[in-house]
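Participant: Protein chains in written order, with this note's numbering: chain A, 6 to 161; chain B, 6 to 161.
Each residue gets a CB set at the ideal place from its N, CA and C atoms; glycine is no exception.
Model, not experiment: these values are computed from the prediction.
2 protein chains.
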Amino acid sequence: MASLNVGSLGEYIREQRRNAQYSLRQLAEVAGVSNPYLSQIERGLRKPSAEILQQIAKALRISAETLYVQAGILEERDGDAPALRAAILADPLLNERQKQALLAVYEAFLKENRETGESSGAAAATGTVPATPPAGSADADADADADADADTGATG
Amino acid sequence: MASLNVGSLGEYIREQRRNAQYSLRQLAEVAGVSNPYLSQIERGLRKPSAEILQQIAKALRISAETLYVQAGILEERDGDAPALRAAILADPLLNERQKQALLAVYEAFLKENRETGESSGAAAATGTVPATPPAGSADADADADADADADTGATG
DNA sequence: CCCGCCCGCTTGCAATTGCAAGCAAGCCGC
DNA sequence: GCGGCTTGCTTGCAATTGCAAGCGGGCGGG
């Protein structure tokens with residue numbers, strides 16, 4: 006696996022963790038992995054197995070597939086727009102009429118966004134749900150420190 | 006990972022390999038893994054990484070996702086309504102309002118289907134494509150031997 | 001008999017993965 | 001100042017992963 010992918014995986018996990026306002030130890034605990042290992046993963050020093058990615062994803066409340074894609078072990082649904090199209094078409098719980106209807110709604114929204122130039126440019130593009138940290142802590146201070154570390158990490 | 010899953014993974018790979026009429030060594034070579042390791046995988050003695058599964062799947066000309074599902078590192082798609090939910094929430098081209106709207110439509114369809122008991126239950130099977138073996142060999146004999154081994158392997 | 005080829009599997013080992021124990025630094029209250 | 005707590009990271013180690021070298025067996029041809 007190219008270290009480039011592993012690097013982006015770690016950055017991605019760190020980003021999601023911060024979005025969720027978890028400290029490294031908090032996420033490690035919730036995910037059931039050791040905090041040093043999670044640190045190494047975030048810094049791209051280790052390449053975690055799919056099981057570990059699954060655990061991390063679950064703790065971050067994102068889909069495991071998202072992390073698999075980042076790790077390069079799953080193909081991206083290439084093209085964000087086609088991804089949802091494919092998902093709609095592949096959903097076994099919908100019949101053909103409903104699929105087409107959903108697609109039509111989706112296309113209408115895309116068109117609307119193109120015309121208004123509006124989209125959810127929120128950083129939570131991956132559907133991250135900011136979770137409350139498990140324990141109270143000096144959140145403001147932790148964020149400040151985390152930002153400084155993030156700059157350092159980007160160098161790695 | 007429960008050894009049960011690993012066991013079924015190995016059995017599945019062996020089955021697909023036989024369908025493709027590959028010997029263990031042939032598949033190992035095409036997949037780019039060592040033949041002893043492939044043997045161990047098939048017998049459930051080792052739990053391969055996603056990368057190895059990817060290589061094996063490619064050699065067998067099946068989707069990697071199929072093997073991921075067998076290995077338990079990917080959720081099976083069928084009946085997995087949350088997958089489309091996740092896709093909607095993950096789509097970066099939609100804003101929050103549109104995401105919620107699409108989800109509402111989706112939920113309405115699911116409810117409709119539950120009441121009518123109707124859905125397009127087209128099950129896209131794993132689509133195994135038997136491939137021709139890379140080299141000619143005593144296929145009949147190899148199959149006979151392989152069957153005997155298969156029985157032994159099932160005991161393990 | 002021999003040899004060569006094929007088959008699947010055994011075994012020992014190096015590299016990798018994931019962890020436990022612990023470090024250093026920052027912040028806060030006394 | 002101190003101690004207690006939090007933070008992210010370092011380090012050594014055990015277990016696991018994947019491989020190379022090789023085994024034993026079957027088959028066919030000389």
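Give me the chain A residues within the contact set of Gln-60 (chain B), using Cβ-Cβ distance strictly less than 9 Å, ordered along the chain.
Facilitator: Correct list: empty, because the minimum Cβ distance to chain A is about 11 Å.
Participant: Would you kindly work out how many angstroms separate the C-alpha atoms of Ser-13 (chain A) and Gln-45 (chain A), rounded to a whole number?
Facilitator: Cα to Cα, Ser-13 (chain A) sits roughly 13 Å from Gln-45 (chain A).
Participant: Taking only beta carbons into account, state which residues of the stretch 97-117 of chain B come closer than 8 Å to chain A, listed in chain order.
Facilitator: Going along the stretch 97-117 of chain B in chain order, one finds Pro-97, Leu-98, Leu-99, Asn-100, Glu-101, Gln-103, Lys-104, Ala-106, Leu-107, Val-110, Tyr-111, Phe-114, Leu-115 and Glu-117 with a Cβ nearer than 8 Å to chain A.
Participant: Counting only runs that start and end within the stretch 84-114 of chain A, where is the alpha helix (DSSP H) found for 4 or more residues in a row?
Facilitator: Qualifying alpha helix (DSSP H) stretches, in chain order: 85-95.
Participant: Hey, out of B:Ala-109, B:Gln-21, B:Ala-76 and B:Asn-100, whose CA is closest to Gly-49 (chain B)'s CA?
Facilitator: Of the candidates B:Ala-109, B:Gln-21, B:Ala-76 and B:Asn-100, the one whose C-alpha sits nearest the C-alpha of Gly-49 (chain B) is B:Ala-76.
Participant: Look at Leu-65 (chain B) and Gln-26 (chain B) and say whether their C-beta atoms are less than 8 Å apart.
Facilitator: It is not a contact, given that the beta carbons lie outside the stated cut-off.
Participant: Rounded to whole angstroms, what's the CA-CA distance from Ala-33 (chain B) to Leu-79 (chain A)? Just pull it up for me.
Facilitator: Distance between the alpha carbons of Ala-33 (chain B) and Leu-79 (chain A): 21 Å.
Participant: If you draw a straight line from the alpha carbon of Thr-103 (chain A) to that of Phe-114 (chain B), how long is it in whole angstroms?
Facilitator: With the sequence shown as reference, residue 103 (chain A) is identified as Gln, and Thr is not the correct amino acid for it. Distance between the alpha carbons of Gln-103 (chain A) and Phe-114 (chain B): 7 Å.
Participant: Is the Cβ-Cβ distance between Ile-18 (chain A) and Ile-61 (chain A) less than 8 Å?
Facilitator: Against a cut-off of 8 Å, the Cβ pair of Ile-61 (chain A) and Ile-18 (chain A) comes out as a contact.
Participant: Looking at the structure shown, is Ser-54 (chain A) part of a helix, part of a strand, or coil, going by DSSP?
Facilitator: Ser-54 (chain A) falls in the coil class under three-state DSSP.
Participant: Do you know whose CA, among A:Tyr-111, A:Asn-100 and A:Asn-40, lies nearest Arg-105 (chain B)'s CA?
Facilitator: The sequence shown places Gln at residue 105 (chain B), rather than the Arg named in the question. That would be A:Tyr-111, whose Cα lies nearest to the Cα of Gln-105 (chain B).
Participant: Starting from Tyr-27 (chain A), trace the alpha helix (DSSP H) both ways and give me its first and last residue.
Facilitator: Premise fails: Tyr-27 (chain A) is in no alpha helix (DSSP H) and is neither H nor E.
Participant: Can you tell me where the alpha helix (DSSP H) holding Glu-70 (chain B) begins and where it ends?
Facilitator: It spans 69-76 - the alpha helix (DSSP H) in which Glu-70 (chain B) sits, taken as one unbroken run.
Participant: Determine whether the Cβ of Ser-124 (chain A) lies closer than 8 Å to any Cβ atom of chain B.
Facilitator: For Ser-124 (chain A), the predicted structure reports a pLDDT of 39, less than 50, and the residue's modelled location is therefore unreliable. A value from the coordinates is still provided. It does: the Cβ of Ser-124 (chain A) has a partner Cβ on chain B nearer than 8 Å.
Participant: Looking at the structure shown, is Val-35 (chain A) part of a helix, part of a strand, or coil, going by DSSP?
Facilitator: Note: Val-35 (chain A) maps to helix in three-state DSSP.
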